[in-house]
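K.L.:
Numbering follows the numbering used here, in which position 79 of the sequence shown is assigned residue number 82; successive positions increment by one, without gaps.
The beta carbon of each residue, even a glycine, is placed where N, CA and C say it ideally should be.
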Amino acid sequence: MINLVLFGPPGSGKGTQAHKLVKKYHLIHISTGDLFRHEIGSQTPLGIQAKAFIAKGELVPDEVTIGMLRNKVEAHPGAKGFIFDGFPRTIPQAEALDRLLAEKETAVSGLIALQVDDEEIVKRIKLRGETSGRADDSNESIIRNRIDVYKSETAPVFDYYVQQGKGHSVDGIGSVAQIFERLSAVIDRL
Ligand code: C5P
Ligand code: MG
Numbered sequence: 004m005i006n007l008v009l010f011g012p013p014g015s016g017k018g019t020q021a022h023k024l025v026k027k028y029h030l031i032h033i034s035t036g037d038l039f040r041h042e043i044g045s046q047t048p049l050g051i052q053a054k055a056f057i058a059k060g061e062l063v064p065d066e067v068t069i070g071m072l073r074n075k076v077e078a079h080p081g082a083k084g085f086i087f088d089g090f091p092r093t094i095p096q097a098e099a100l101d102r103l104l105a106e107k108e109t110a111v112s113g114l115i116a117l118q119v120d121d122e123e124i125v126k127r128i129k130l131r132g133e134t135s136g137r138a139d140d141s142n143e144s145i146i147r148n149r150i151d152v153y154k155s156e157t158a159p160v161f162d163y164y165v166q167q168g169k170g171h172s173v174d175g176i177g178s179v180a181q182i183f184e185r186l187s188a189v190i191d192r193l
């Protein structure tokens with residue numbers, strides 16, 4: 004199996020690139036943010052619980068996110084592999100992912116971080132907010148809070164995978180096609 008973690012701050016292009024990568028590598032795309040938005044749209048108990056955190060740009064508690072992720076992975080027993088987009092966001096989530104994949108006798112193949120600076124992120128997310136309908140994309144202080152949460156809680160996940168020899172990063176500035184080439188080059192060497 005190939006199990007990729009597509010990593011990087013909000014607005015770094017994870018979703019855009021994941022949609023292209025799943026076609027090329029025949030993987031299952033799991034975006035925890037998209038799953039939450041679906042649950043919120045369907046007004047499920049999980050969605051109602053997650054909504055307040057997402058609206059503020061805070062993280063949903065680990066146990067909630069990990070349980071949702073596990074269900075999604077287990078819904079695809081025959082998968083060739085997965086692209087995890089927006090997960091893991093914390094060290095406990097990374098540890099839970101490693102345990103889950105170990106149970107399936109597989110592992111994370113590599114984590115690839117898209118590098119984009121803060122001002123570019125704010126610009127991109129505001130632009131996305133014009134059409135995404137996402138409240139958390141439309142308010143600059145919420146966007147900046149998401150960046151702060153990324154730096155304090157999520158960035159350590161990169162070092163966690165570097166310690167396993169699995170951390171990679173690519174320049175996330177450029178055209179969608181250029182960034183796709185950079186990602187593919189890393190994946191083809193994993
Ligand atoms: O990944 P994405 O940016 O779409 O996530 C949107 C929001 O969903 C995050 O800002 C956060 O509130 C929540 N989220 C989370 N934990 C994750 C993924 C997303 O709390 N692992
Ligand atoms: Mg996304």
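1) Per DSSP, which residues does H194 bridge with? Please list them.
2) Does the distance from the CB of G50 to the CB of E42 come in under 8 Å?
3) At a cut-off of 7 Å, would you count Q118 as near the ligand C5P, judging by its Cβ distance to the nearest heavy atom?
4) Could you check whether the Cβ of S141 sits closer than 7 Å to any heavy atom belonging to the ligand MG?
5) Specify the secondary structure class of S172 as computed by DSSP and reduced to three states.
6) For P80, count neighbouring Cβ atoms within 10 angstroms of its own Cβ and tell me buried if that reaches 16, exposed if not.
7) Which ranges would you report for the beta strand (DSSP E) in the segment 100 to 140 if only whole runs of at least 3 residues count?
8) Quick check: what's the CA-CA separation for D101 versus V111?
9) Skipping 5 residues on each side, what residues in its chain have a beta carbon closer than 8 Å to that of I33?
10) If you follow the alpha helix (DSSP H) that N74 is in, where does it begin and where does it stop?
11) Can you give me the Cβ contacts of A58 inside the same chain, cut-off strictly under 7 Å, excluding the 5 residues immediately before and after it?
12) Are the beta-carbon atoms belonging to I150 and D121 less than 8 Å from one another?
13) What span of residues does the beta strand (DSSP E) with L7 cover, start to end?
P.N.:
So, from the data block:
1) Because the chain is modelled from 4 through 193, residue 194 falls outside the range shown and cannot be assessed.
2) yes
3) no
4) Because no heavy atom of the ligand MG lies under 7 Å away, the Cβ of S141 does not count as near it: no.
5) strand
6) Classification of P80: exposed, given that the 10 Å Cβ count is below 16.
7) Within the segment 100 to 140, the runs of beta strand (DSSP E) that reach at least 3 residues and sit entirely inside it are, in chain order, 113 to 118.
8) 7 Å
9) L72, K75, V76, F85, I86, F87, D88 and F90
10) D65 to E77
11) A138 and D139
12) yes
13) I5 to F10
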